[in-house]
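Colleague: Letter 37 of the sequence shown, counting from 1, is numbered 37 in full-length UniProt numbering, and no numbers are missing. C-beta: ideal position from N, C-alpha, C; glycine also.
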Amino acid sequence: MEKPLLISLGRGRYYKETDGLKLDVGAYMKALEYACDVQAEVVGKPAKAFFESALAEMGVPPQESGEMEKT
Numbered sequence: 001m002e003k004p005l006l007i008s009l010g011r012g013r014y015y016k017e018t019d020g021l022k023l024d025v026g027a028y029m030k031a032l033e034y035a036c037d038v039q040a041e042v043v044g045k046p047a048k049a050f051f052e053s054a055l056a057e058m059g060v061p062p063q064e065s066g067e068m069e070k071t
């Protein structure tokens, strides 16, 4: 059987809501990676593919763009 392609929008473990902590997409991604014995491709920010896809869609060469890091 072929291994599935697993795509995730992020790696976040959890986030805070007014009523407490909630599991984020990364928790589910890790569970599926383990269950399927595959490594997910993360396409959400700050994944390089996310930025490259947006630049290509806008017709902006990568060398003419800038990227800010969250600190």
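Contact check, Leu-21 vs Tyr-14 under 8 Å by CB: the rounded distance?
Modeller: Yes, Leu-21 and Tyr-14 are in contact; Cβ-Cβ is about 5 Å, under 8 Å.
Colleague: Roughly how far, in whole angstroms, is the beta-carbon of Gly-44 from the beta-carbon of Leu-5, given that I think they are within contact range, below 8 Å?
Modeller: Rounded, the Cβ-Cβ distance is 16 Å, inconsistent with contact.
Colleague: State the Cα-Cα distance for the pair Ser-65 and Val-42, rounded to the nearest angstrom.
Modeller: Answer to the nearest angstrom: the Cα atoms are 21 Å apart.
Colleague: Alpha carbon to alpha carbon, how far is Phe-50 from Lys-16?
Modeller: Roughly 25 Å between the two C-alpha positions.
Colleague: In chain order, which alpha helix (DSSP H) runs of at least 4 residues are fully inside the stretch 15-53?
Modeller: Qualifying alpha helix (DSSP H) stretches, in chain order: 25-36.
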